[in-house]
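According to full-length UniProt numbering, the sequence shown is numbered sequentially starting from 3.
Below is one structure; the comments refer to it alone.
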Amino acid sequence: RDNFIIAIDGFSSCGKSTVAKAVAKKLQFVFIDSGAMYRAVTLYFLRHHIDLTDTNEINAALDDIHIDFVPHTDKVCILLNGEDVSEEIRMMHVSEKVSEVSAIKEVRHALVKQQQDLGKRRNIVMDGRDIGTTVFPDAELKIFMTASPDVRAGRRFAELLAKGELVSMEEIRQNLAHRDHMDSTREESPLRQAEDAIVLDNSDLTQEEQLQIVLEEYEKRK
Ligand code: C5P
């Protein structure tokens, strides 16, 4: 492999995708939000009332799902079977179900495969939960991000508010705790820090400071 892969993992709402996007822009790498893929599958499952205990139904659904990323000047849109679902996948009804859906073995196998294909022959920054452990265990640079629970809930609150979705801080805290628990305790590629990952606690760091830290690590390895 002669391409460079940067894997950014961590708990929910730690600011992974903000850093990942900034790094990708600076280095002219392709940014891939793996969480958006799990969210798109979840949205499809919700719309089609997929029974999460029925493997045949799940496999048929996965066969019918096609996910694309389309870059625009200032953002990347995610398409689910041709429909732009970038906004809807961030809504609370999807967040509430995504960790159940992403714990399903068949779902993970299908998405991990697609993620690995996206990382072939090009330089990428991918953020998620299992990128440095399962998707790209040989990634050239692995970052594991953390932030205090209050900082995380505050950020998510502001994000949802900006989109006009009024959710209480308490609901957000509960959703983050629920997802962290599900994501770290599931059997299939649970969220955990890769041994060779650099830990980045960004509770007290600006976005620029975080970007600089990742770029320094990149310079050491390129
Ligand atoms: O990154 P984001 O918070 O949008 O991810 C939504 C959910 O998707 C996570 O809570 C987790 O359940 C799942 N996910 C995952 N593996 C990844 C990325 C996301 O299981 N690589």
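For glycine and all other residues, C-beta sits at the position ideal for the given N, C-alpha and C.
- Exposure of GLY84 is indicated by the presence of fewer than 16 other C-beta atoms within 10 angstroms of its C-beta.
- Nearest to GLN195 by C-alpha distance, out of SER14, LEU120, ASP132 and ALA24, is ASP132.
- Straight-line measurement puts the Cα of ARG92 at about 31 Å from the Cα of GLU218.
- Here LEU143 is buried. Its C-beta has 16 or more other C-beta atoms within 10 Å.
- Distances taken from the Cβ of ASP4 to the heavy atoms of the ligand C5P include none shorter than 6 Å.
- With respect to ASN61, GLU102 sits apart: the two C-beta atoms are not nearer than 7 Å.
- The ligand C5P approaches GLY130 closely enough that one of its heavy atoms is under 6 Å from the residue's Cβ.
- According to the DSSP assignment, MET93 belongs to no beta strand (DSSP E), since it is labelled neither H nor E.
- For THR20, the enclosing alpha helix (DSSP H) covers residues 18-29.
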